[in-house]
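Undergrad: This structure is in structure tokens; I'll ask about it shortly.
Numbering (our numbering), first residue to last: 3 to 85.
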């Protein structure tokens, strides 16, 4: 009985939107990294707020591959990683 309850709770947690809201965007971030890496894009300038979500993931993936990544916006704050 306990096992059944654990399974049901696990499934409901896995499918719960509030807990998995970023799952699709996290996948998109990795696909974006693959495209940037394949096309040797290391500098990104952005004027929209929509891209900001992906920046930490891209910095992470680039750093795992020991590559540089530079992100800048029309704001004062800029992000980059150097290896």
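Using N, Cα and C, we set each Cβ at its ideal position, and we do this for glycine too.
Quickly, what does DSSP pair residue 47 with across the bridge? List them, please.
TA: In the chain shown, counting from the first residue as 1, residue 47 sits at position 45. For residue 47, which the question treats as bridged, DSSP gives the partners 74.
Undergrad: Tell me which residue opens and which closes the alpha helix (DSSP H) that residue 27 is part of.
TA: Within the chain shown, the letter at position 25 stands for residue 27. Here the alpha helix (DSSP H) through residue 27 covers 25-40.
Undergrad: Using a 10 Å radius around the Cβ and a threshold of 16 neighbouring Cβ atoms, would you call residue 1 buried or exposed?
TA: The structure shown has nothing for residue 1, since the chain only spans 3 to 85.
Undergrad: Does the stretch 29-40 come close enough to the stretch 58-68 to have 3 or more Cβ pairs within less than 8 Å?
TA: At 8 Å Cβ cutoff, the stretches touch.
Undergrad: Find out if the Cβ-Cβ distance for the pair residue 64, residue 71 is shorter than 9 Å.
TA: On the chain shown, position 62 is the one that residue 64 refers to. On the chain shown, position 69 is the one that residue 71 refers to. Going by C-beta atoms, residue 64 is nearer than 9 Å to residue 71.
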